[in-house]
Amino acid sequence: MTEADDKLREDLAFYERGGLPSPEDLEKAPRIDLWRVVVQPHGDQHVMRVTGIVSRRPNMAPVSEIETAPVRWVDRGFLFVRTRNTLYELGEPAEEPAVPV
Amino acid sequence: MLATRHSDGYMKSKDSSSPTASSVRQFWLNVVAEDREVEMRIHPAVAVLAMSRWDTAYRWILARTRAAGVTCKGDQPATTADERAALRKVCWDMADDLYARGSTEHGRLALCWLMLAADPRYPATLWPVMPALQWVVDEAELDEEETVAAALRLTVWWKAAAGESTKEKMSLFALAADLENQAVTDLKDPVVSDGPGVVVMPKAKASKLKSEHAPYKDLVGVKLPLVVARDVAGVRRTLLAEYPHAAAAIDLVLRDLREGEPVRLKPMLLVGPPGNGKSRLIRRLGDLLGGIGVFRFDGGSSADAIGYGGTPRGWSDSTPCVPARAVQTYRQANPIVMVDELEKACANTRNGALWHVLLQHLERETAARMRDVSLDAEMDLSWVNHLATANSTEGLPAPLRDRYRIVKVPAPALDHLPALAGTVLREIAAENGEQGFVQPLAGDELDVIAKAWQRAGFSIRKLQKIVAATVEARDAVAMRH
Chain A
1 MTEADDKLRE DLAFYERGGL PSPEDLEKAP RIDLWRVVVQ PHGDQHVMRV
51 TGIVSRRPNM APVSEIETAP VRWVDRGFLF VRTRNTLYEL GEPAEEPAVP
101 V
Chain B
1001 MLATRHSDGY MKSKDSSSPT ASSVRQFWLN VVAEDREVEM RIHPAVAVLA
1051 MSRWDTAYRW ILARTRAAGV TCKGDQPATT ADERAALRKV CWDMADDLYA
1101 RGSTEHGRLA LCWLMLAADP RYPATLWPVM PALQWVVDEA ELDEEETVAA
1151 ALRLTVWWKA AAGESTKEKM SLFALAADLE NQAVTDLKDP VVSDGPGVVV
1201 MPKAKASKLK SEHAPYKDLV GVKLPLVVAR DVAGVRRTLL AEYPHAAAAI
1251 DLVLRDLREG EPVRLKPMLL VGPPGNGKSR LIRRLGDLLG GIGVFRFDGG
1301 SSADAIGYGG TPRGWSDSTP CVPARAVQTY RQANPIVMVD ELEKACANTR
1351 NGALWHVLLQ HLERETAARM RDVSLDAEMD LSWVNHLATA NSTEGLPAPL
1401 RDRYRIVKVP APALDHLPAL AGTVLREIAA ENGEQGFVQP LAGDELDVIA
1451 KAWQRAGFSI RKLQKIVAAT VEARDAVAMR H
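Protein sequences, first through last, are from chains A and B. Take 1 as the starting number for the first sequence in the working numbering and just add one per residue. Take 1001 as the starting number for the second sequence in the working numbering and just add one per residue.
Below, the structure is given as structure tokens:
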């Protein structure tokens, strides 16, 4: 069990209790705009990834296209996604997700 | 494609501890039925994943949420897609309410409410659910079989999240249950494909089944085995030894059997005085013929008589016809359907149509394309064996009498007592789990039994009671010594 796994587990437990990343954390996180959700088969399972234009990402060009690692959590307000290693802020979607509720 | 992939998965692990259809079912039943167990070892969302109907899941989650001290709005049932859509807003709000409470218990229930709010027509409603649900299933301590069952259902949810089910009107729960049934059917295929068989429910001629008929889904498009006659001479010897008074009847009953061929008997009516062993003879025949199922239908009970032909699909609890139920129960294409006390069923004027229905089933050509009113499916029931018993043929409608081969089973006589008492004694011993440990009846015991039996009019049913009493008396004496 690596440090990243421990942190992930801790965060998922926090989200499960209804927790959200703090505004400060989100401001520091890479942001994805014009995002889309992609669900694909992956081995025996399926995975969800987010594609879009990423900004605020350290050690990378200021703006570039991205496809995230498998998403481990999305909140129901589509404010953020969490992959194993990274928290992303979700900015403007490519299309507004249709949630008729 | 989906089901194939999973059934391949099953095949590969077949040699080790491959999951069986019944164990997969059993797992889901356990998950849903044992609330306590669920609380101890399984996240409520896994239990919800196991449910086959949206409204079942809704009621269950509602109850669990209330038990967690949260007031919930509404308790409306929702069975159609539109009714569910109206309730989804409530479900979404419930998730918000629960997440706001900040505890793990409430958060877990919130995920369940999001599952209810998920609508295959709107993939985005599944996005907040799927990563969390996958995590929950990955973390649950499930054994190998359970993991396979859960993965199968999750696939349906994932595909909906991918936007592959946007035309579906069914809930995800029903879709997942459907796929599971399909996979279970695939599992069973190789088992029944050896030897002769018949597809009793051709897929092309079956409508979509109602949920209460889920057990029949396993039959759709599946070749069911035909039980084959083996060692007919041995069967005859055994029956003659056990029912010496019915020698002529036994030969008539066995006349249609051909060694190595599927059991297909002409409809036969065993006629004789009450309690002379007609029904037992048929049951024993089933045992000896390689475990061919004997499905009993009580003609004397009017409630049963209504149900022979099944009840129409529109009824709230519609029941398929008796031969279809027999096929489903034994998963054989040629079980025996035994109508006990046929004359009573026909005498009952309230059920005047019964003999009419029976006639249709006795006619092979009609039975080969029988449309079941409850399942709304055309079935090949022409291999079902129809046997019946009656105390007399009096009062039986002539067309019905003509369809049956009438087999007279006489009352036993005193000469047959030693053999019959031996049979009865063996049955009693087998029931008590004492096979091989019961002393044969002694001469003086047989004398006492003979007198009592004579007074009782040579009924085998009475003989059973007399022999049982003798054995009991014997045990009591043994204890005193």
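Each residue gets a CB set at the ideal place from its N, CA and C atoms; glycine is no exception. Given the structure is predicted, the values throughout are model-derived calculations rather than measurements.
Does the CB of residue i have a neighbour CB from chain B at under 8 Å?
| i | result |
| --- | --- |
| R17 of chain A | yes |
| R57 of chain A | no |
| R84 of chain A | no |
| R76 of chain A | yes |
| D33 of chain A | no |
| V39 of chain A | yes |
| D6 of chain A | no |
| D44 of chain A | yes |
With 8 Å as the threshold, decide whether the Cβ of residue i is near any Cβ in chain A.
| i | result |
| --- | --- |
| W1113 of chain B | no |
| A1045 of chain B | no |
| R1064 of chain B | no |
| R1461 of chain B | no |
| G1107 of chain B | yes |
| T1104 of chain B | yes |
| R1101 of chain B | yes |
| P1019 of chain B | Confidence in P1019 of chain B is poor, its pLDDT being 42 and thus under 50, which makes the residue's placement too unreliable to answer from. |
| M1130 of chain B | yes |
| A1081 of chain B | no |
| T1004 of chain B | Per-residue confidence for T1004 of chain B stands at a pLDDT of 33, beneath the threshold of 50, marking its modelled position as unreliable; no derived number is given. |
| A1177 of chain B | no |
| A1095 of chain B | yes |
| V1038 of chain B | Reliability of the predicted coordinates at V1038 of chain B is poor, the pLDDT of 47 falling under 50, and no value is obtained from them. |
Please say whether residue j and residue i have beta carbons closer to each other than 8 Å?
| i | j | result |
| --- | --- | --- |
| A1117 of chain B | W1135 of chain B | no |
| P21 of chain A | F80 of chain A | yes |
| V1492 of chain B | P1267 of chain B | The structure shown does not extend to residue 1492 of chain B, since chain B is modelled only from 1001 to 1481, so the question has no answer here. |
| A1174 of chain B | D1119 of chain B | no |
| T1389 of chain B | K1278 of chain B | yes |
| N59 of chain A | A69 of chain A | no |
| V50 of chain A | P30 of chain A | no |
| P1335 of chain B | A1326 of chain B | yes |
| N1181 of chain B | K1217 of chain B | yes |
| L1362 of chain B | R1403 of chain B | yes |
| Y1122 of chain B | P100 of chain A | yes |
| V1232 of chain B | L1254 of chain B | yes |
From what residue to what residue does the alpha helix (DSSP H) around residue i run?
| i | result |
| --- | --- |
| E1341 of chain B | No alpha helix (DSSP H) holds E1341 of chain B; DSSP gives it neither H nor E. |
| E10 of chain A | E3 to E16 |
| Q1134 of chain B | M1130 to E1139 |
| R1101 of chain B | R1101 of chain B -> no alpha helix (DSSP H), and no H or E assigned at all. |
| Y1058 of chain B | W1054 to A1067 |
| H1356 of chain B | L1354 to L1362 |
| R1236 of chain B | V1232 to E1242 |
| I1250 of chain B | A1247 to L1254 |
| A1050 of chain B | Looking at the DSSP string, A1050 of chain B is not in any alpha helix (DSSP H), and its letter there is neither H nor E. |
Which stretch, first to last residue, makes up the beta strand (DSSP E) that contains residue i?
| i | result |
| --- | --- |
| S55 of chain A | Q45 to S55 |
| K1408 of chain B | R1405 to K1408 |
| Q1197 of chain B | In the sequence as presented, Gln is not what sits at residue 1197 of chain B; that position holds Gly. Here the beta strand (DSSP E) through G1197 of chain B covers G1197 to V1199. |
| A1377 of chain B | A1377 to M1379 |
| K1223 of chain B | K1223 to P1225 |
| I66 of chain A | V63 to E67 |
| Y88 of chain A | L87 to L90 |
| D1372 of chain B | M1370 to D1372 |
| G1070 of chain B | Per the sequence presented here, residue 1070 of chain B reads as Val, with Gly not at that position. Taken as a continuous stretch (DSSP letters only), V1070 of chain B belongs to no beta strand (DSSP E), as it is neither H nor E. |
| T83 of chain A | F80 to T83 |
| R36 of chain A | R31 to H42 |
| R72 of chain A | V71 to V74 |
Under 7 Å Cβ-Cβ, which residues of chain A neighbour residue i?
| i | result |
| --- | --- |
| W1135 of chain B | L12 and R72 |
| W1054 of chain B | What W1054 of chain B touches in chain A: nothing, since even the nearest Cβ is about 15 Å away. |
For a contact meaning CB atoms closer than 7 Å, what does residue i contact in chain B?
| i | result |
| --- | --- |
| A98 of chain A | Y1122 and A1124 |
Can you list the residues of chain A that residue i reaches, using a CB-CB cut of under 9 Å?
| i | result |
| --- | --- |
| M1379 of chain B | Chain A residues near M1379 of chain B: none, gap ~37 Å exceeds 9 Å. |
| A1068 of chain B | Under the 9 Å cutoff, chain A gives no residues; its nearest Cβ is about 14 Å from A1068 of chain B. |
So with CB distances below 8 Å, who are the chain A contacts of residue i?
| i | result |
| --- | --- |
| A1149 of chain B | Those do not exist, as A1149 of chain B stays about 14 Å from chain A at its closest Cβ, beyond 8 Å. |
| A1110 of chain B | G18 |
In chain B, which residues lie with their C-beta within 9 Å of the C-beta of residue i?
| i | result |
| --- | --- |
| M48 of chain A | W1127, M1130, P1131, Q1134, W1158, A1161 and A1162 |
4 or more residues per run - each alpha helix (DSSP H) lying fully within the region 1264-1327 of chain B | 1278-1288 and 1302-1306
At what residue ranges does the region 1384-1469 of chain B contain a whole run of the alpha helix (DSSP H), taking only runs of 4 or more?
-> 1398-1403, 1417-1431 and 1443-1455
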